[in-house]
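Undergrad:
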Ligand code: FES
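In the numbering used here, the protein residues as written are 39 to 139.
Written out as structure tokens, the structure reads:
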């Protein structure tokens with residue numbers, strides 16, 4: 039069974055008027071997400087990927103495998119992503135550890 043992880047786009051498109059996730063701050067957002075995971079007691083890997091095909095809606099990320107997709111993500115969305123991760127991980131999985139553990 040593949041462990042649940044958060045896949046985040048870190049693509050940077052350099053052309054004029056080409057929005058991209060890295061250009062919108064995805065690398066900084068990854069750092070903030072990882073800090074929050076530590077605070078929340080979550081053991082979730084963050085995988086960097088070059089483009090998730092939703093460039094105009096970046097910052098883009100998804101819970102994998104088979105989880106929801108998030109677009110236009112900002113720091114303000116971190117609590118919702120943490121909540122989605124907790125809800126997505128199958129019962130009994132060791133991918134998410136509750137703060138009480
Ligand atoms: S640049 Fe992030 S989805 Fe394409």
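Ideal placement from N, C-alpha and C gives every residue a C-beta, glycine not left out. Note that the structure is a prediction, hence the values are computed from the model and not measured.
1) Can you check whether the CB of residue 76 is closer than 7 angstroms to the CB of residue 44?
2) What separation, rounded to the nearest whole angstrom, lies between the Cα atoms of residue 115 and residue 46?
3) Using the three-state DSSP reduction, which class does residue 45 fall into: helix, strand or coil?
4) Please work out which residues of its chain come closer than 8 angstroms, Cβ to Cβ, to residue 57, disregarding the five sequence neighbours upstream and downstream, and give them in chain order.
5) Could I get the ranges of all uninterrupted beta strand (DSSP E) runs contained in the segment 74-101, with 3 residues as the minimum, in chain order?
6) Considering only heavy atoms of the ligand FES, does any lie closer than 6 angstroms to the CB of residue 90?
7) Mind checking whether the beta-carbon of residue 62 lies closer than 6 angstroms to any heavy atom of the ligand FES?
8) Only counting the same chain, and skipping five residues up and downstream in sequence, which positions put a Cβ closer than 7 angstroms to that of residue 122?
9) Go ahead and label residue 113 buried or exposed: buried means 16 or more other beta carbons lie within 10 angstroms of its beta carbon, across all protein chains shown.
TA: Working from what's here:
1) no
2) 14 angstroms
3) Strand, per DSSP.
4) 51, 93, 94 and 96
5) 83-87
6) yes
7) no
8) 101 and 106
9) Exposed, by the Cβ-count rule.
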